[in-house]
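Chemist:
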DNA sequence: GTTCGCATTTTGATCGATCAAATTATTCGG
DNA sequence: CCGAATAATTTGATCGATCAAAATGCGAAC
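Protein chains in written order, with this note's numbering: chain A, 60 to 410; chain B, 60 to 410.
1) With DSSP run on the structure shown, which of helix, strand or coil describes residue 306 of chain A?
2) In whole angstroms, what separates the C-alpha of residue 294 of chain A from that of residue 355 of chain A?
3) Just the Cα atoms here: how many angstroms apart are residue 194 of chain A and residue 70 of chain A?
4) Buried or exposed, going by whether 16 or more other CB atoms sit within 10 Å of the CB of residue 271 of chain B?
5) How far does the alpha helix (DSSP H) with residue 150 of chain B in it extend, from its first residue to its last?
6) Please confirm if the segment 191-207 of chain B is in contact with the segment 302-310 of chain B, defined as three or more CB-CB distances below 8 Å between the two stretches.
7) Taking the alpha carbon of residue 99 of chain B as the point to measure from, which residue in B/83, B/89 and B/111 has its own alpha carbon closest?
8) Just list the alpha helix (DSSP H) runs in the segment 192-242 of chain B, keeping only unbroken ones of 4 residues or longer that don't cross its boundaries, in chain order.
9) Enumerate, from N- to C-terminal direction, the unbroken alpha helix (DSSP H) stretches of 4 or more residues contained entirely within the segment 76-127 of chain B.
10) Residues in its own chain within less than 7 Å of residue 122 of chain B by CB, not counting five upstream and five downstream?
11) Does any residue of chain A bring its CB to less than 7 Å from the CB of residue 442 of chain B?
12) Is it buried or exposed for residue 400 of chain B, if we count other Cβ within 10 angstroms and need 16 for buried?
13) Roughly how many angstroms separate the alpha carbons of residue 102 of chain B and residue 67 of chain B, rounded to a whole number?
14) For residue 350 of chain A, which three-state DSSP category applies?
15) Spell out the partners DSSP gives residue 390 of chain A in its beta bridges.
16) With a cut-off of 7 Å, does the C-beta of residue 401 of chain A fall near any C-beta of chain B?
17) Just checking my contact of residue 227 of chain B with residue 211 of chain B at CB under 8 Å: how many whole Å lie between their CB atoms?
18) For chain B, find out if any of its Cβ atoms is closer than 7 Å to the Cβ of residue 207 of chain A; answer yes or no.
19) From A/359, A/275 and A/368, pick the residue whose C-alpha is nearest to that of residue 392 of chain A; which is it?
20) With a CB to CB cut of under 6 Å and the five nearest residues on each side skipped, what residues in its chain are close to residue 80 of chain A?
21) What residues of chain A sit near residue 79 of chain B, judged by a beta carbon separation below 9 Å?
22) Residues of the segment 102-117 of chain B with a CB closer than 7 Å to any CB of chain A: list them in chain order, please.
23) So that I know if they touch, is there some Cβ in chain A lying closer than 7 Å to that of residue 410 of chain B?
24) Look at the Cβ atom of residue 328 of chain A, then the Cβ atom of residue 301 of chain A, and state whether they are nearer than 7 Å.
25) Between residue 78 of chain B and residue 181 of chain B, what straight-line distance do the alpha-carbon atoms span, to the nearest angstrom?
26) Does the count of Cβ pairs from the segment 315-325 of chain B and the segment 259-266 of chain B closer than 8 Å reach three?
27) By the criterion of Cβ-Cβ separation under 9 Å, what are the contact partners of residue 337 of chain A in chain B?
28) Please list, in chain order, the chain B residues whose beta carbon lies closer than 9 Å to that of residue 222 of chain A.
29) Given a limit of 7 Å on CB to CB distance, which residues of the segment 170-200 of chain A reach chain B?
30) Helix, strand or coil for residue 327 of chain B per DSSP?
31) Tell me whether residue 410 of chain A sits in a helix, a strand or coil according to DSSP, three-state version.
32) List the residues that DSSP assigns as beta-bridge partners of residue 337 of chain B.
33) Using Cβ-Cβ distances below 8 Å, what residues of the segment 138-164 of chain B are close to chain A?
34) Mapping the DSSP letters down to three states, classify residue 286 of chain A as helix, strand or coil.
35) Could you name the residues that DSSP lists as bridge partners for residue 250 of chain B?
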């Protein structure tokens, strides 16, 4: 394999100067059409491709997004982030951006990675996932004016800092709509299985249930179970709810793991028609025919990139100035119903 | 944020020349100890980090691995590749390598991405996953002497081409060992649920079952079901097997999706103790307590990197010369048993 | 005390592109 | 047909590092 052609090679092949070749690539509108065609023809004929590192050295931008992969989760819910990663790669590509991934043990470790990648001019902007209360990454990035966007709203103090661009899914609205839908479909008492507080996302989802459940304070206590995530936990919690005097006739869960357990417990207890709804619409939910609240990841990713780079561009925008455009987006998830009309898990296990 | 320090800044701070600073970073052994310390101190004090693009421009290497993410799978099994991606990022990091991801629609599209990334000197080496029979990527990469390694053996003609470095998991041995183990534990007739031929991995797994099953030709036909992947398909296939006259008393499946379906069908039919084994040991298998054959992904990734870069280095090695060292590794998966002693799916649904 | 050899450090050139400014070509009004 | 204004193109410098080769220092041998 011979040496790769450079701008100079193309330039002499097309009888123009380097800069003109560069202009054809980067600002074609300022080059006369006849010249542009001639240069383009030379580019195609020689198979020229700009050397990414040389360009980056000069322009001081890398057109690369950094993304930290979270520690592997044993649960089912990890799949959401995998889908997110995939879609980010897809859409970044469409904008001519590259995605570089890395892993880290904890926020501190991640910060050192971020510094290294940032200082090496390897990466222009970062995408953060799984933000949490008092996240040190966020304050550091703001402090050092590193462009970033997070999937997950800022929990805590920096909520209204316009320098923090974020996208999130309104779990509260998603659960609220779902509960309303269930009640409109005839459910009298919608129970809830969720995670212990404080948990940013978990608390929001619970709040959605509380708003739409129609329960008084006492019943709000009775009709919810607080538990860690997991299938076993879902089984136990659902059993507990179904053993009540006026047992719930529908159950909403904070995750698909919990919902899967709840579904199994409900089926085992003979409640084949009891609606059970999970969250995240993971492959598992689809595989076993479980209703679930789906996060619109396409929109999440599109919004994240728009906040970072603007509607079209592929160039990093400076940190947003105070009160121009919104620096965040809150998207509404939608319920994917799978139970009615679909072969039910219960039809199988009970067959 | 002021301008980042460069080698020259460090050099004048430590009263040495640029090159000495460069040497401290890249060949510390040739710098006198006292000088090295002085320079190092200046590096630390100024917070200097080498500019990655500048270095790459000069050295013509990027220390970056390209990885294409497969199209999203709706099934449960996609999780294996996610774990692979994660572990690759982890181990690459430990070697000072970066991982860049991209997506593509089909092998042709992927090739054009590969060309672009390669020609832009963005990427030194590629990692391919999900290889298939007559994979055009492989021949192109070999042809153009682009370093690469695949997770997945070459199916078909190029099997013994030493220029193709690959790592794979010996599904045949994994299934064979599992079947032997089941028979040693008392199973008389081990059934098999797998995918239609031709399927590289699928055929290997079936072969493992055939070798260890102890069946004659006729029974080999009777005790296996051929079906596409999916939970529903697993349910149907298991029902079919369990309805036989001398029904199997253990079932091995080509995937966790199938196994989950089979488990559910077996439980529903009252065979709570019937061993069902899946493949891939996905989070779902762990969540519902399903036995599964686990791919040693840590070793897979470690082997892949070793084949590409050598035991320690972070520099791309030239394409392997003919018959020096092995250019592939075949790893043996191991069975993770979850049924015995573990709370069974049956205990719940049957409770 | 010179000289040779080795260890250590410095200097000049270069990687491939873009920026900023200078230069040349073209258009248009009068 | 000329000169100014604008369009198009070219030239010189530069981004930050490493390579290759030259220069310097230093101890041992003669």
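Backbone N, C-alpha and C define an ideal beta-carbon position, used for all residues, glycine too.
Modeler: Working from what's here:
1) If DSSP states are grouped into helix, strand and coil, residue 306 of chain A belongs with coil.
2) Distance between the alpha carbons of residue 294 of chain A and residue 355 of chain A: 28 Å.
3) The alpha-carbon atoms of residue 194 of chain A and residue 70 of chain A are separated by roughly 50 Å.
4) Buried.
5) Where residue 150 of chain B is concerned, the enclosing alpha helix (DSSP H) starts and stops at 138-153.
6) With a cut-off of 8 Å, the segment 302-310 of chain B and the segment 191-207 of chain B do not count as touching, because too few Cβ pairs lie within range.
7) For the residues B/83, B/89 and B/111, the minimum Cα distance to residue 99 of chain B belongs to B/83.
8) Counting whole runs of 4 or more residues, the segment 192-242 of chain B contains the alpha helix (DSSP H) stretches 195-202.
9) 77-85, 92-105 and 111-118, all fully within the segment 76-127 of chain B.
10) 155, 156, 157, 183 and 373.
11) Since the first and last residues shown for chain B are 60 and 410, residue 442 of chain B lies out of range.
12) Its pLDDT being 36, under 50, residue 400 of chain B is placed unreliably in this model, and the coordinates cannot settle the point.
13) Near 11 Å, if we compare the C-alpha coordinates of residue 67 of chain B and residue 102 of chain B.
14) DSSP places residue 350 of chain A in strand when its eight states are reduced to three.
15) DSSP lists A/228 as partners of residue 390 of chain A.
16) Legend: pLDDT at residue 401 of chain A = 37, less than 50; position of this residue unreliable, value from coordinates given subsequently. The beta-carbon of residue 401 of chain A is placed no less than 7 Å from the nearest beta-carbon of chain B.
17) With 8 Å as the limit, residue 227 of chain B and residue 211 of chain B qualify as a contact, their Cβ atoms being about 6 Å apart.
18) Interface annotation, residue 207 of chain A: not in contact with chain B, CB-CB separation never under 7 Å.
19) Per the Cα distances, A/359.
20) For residue 80 of chain A, the CB contacts under 6 Å within the same chain, skipping 5 residues up- and downstream, are 66, 69, 70 and 98 in chain order.
21) Contact annotation for residue 79 of chain B against chain A: no contact, minimum CB-CB distance about 21 Å [criterion: below 9 Å].
22) Within the segment 102-117 of chain B, contact with chain A at the beta-carbon level (separation under 7 Å) is assigned to 108, 109, 110, 111, 112, 113, 115 and 116.
23) Because the pLDDT of residue 410 of chain B is 33, which lies under 50, any placement of that residue in the model is unreliable, and the question is left without a value.
24) Their beta carbons are under 7 Å apart, which means residue 328 of chain A touches residue 301 of chain A by this criterion.
25) Just so you know, the alpha carbons of residue 78 of chain B and residue 181 of chain B end up roughly 25 Å apart.
26) Counting Cβ pairs under 8 Å, fewer than three are found: no touch.
27) Result: empty, since nearest Cβ-Cβ is about 13 Å, beyond 9 Å.
28) Within chain B, no residue has its CB atom less than 9 Å from the CB of residue 222 of chain A, the nearest being about 14 Å off.
29) Residues passing the 7 Å Cβ filter: 175, 178, 179, 180 and 181.
30) Residue state, collapsed to three classes: helix.
31) Low confidence applies to residue 410 of chain A: its pLDDT is 32, below 50, so where it sits in the model is not reliable enough to give any reading.
32) When DSSP reads this structure, residue 337 of chain B sits in a beta bridge with B/351.
33) Those would be 138, 141, 142, 144, 145, 148, 149, 152, 157, 158, 159, 160, 161 and 162, in chain order.
34) Here residue 286 of chain A sits in coil by DSSP.
35) B/310, per the DSSP bridge assignment.
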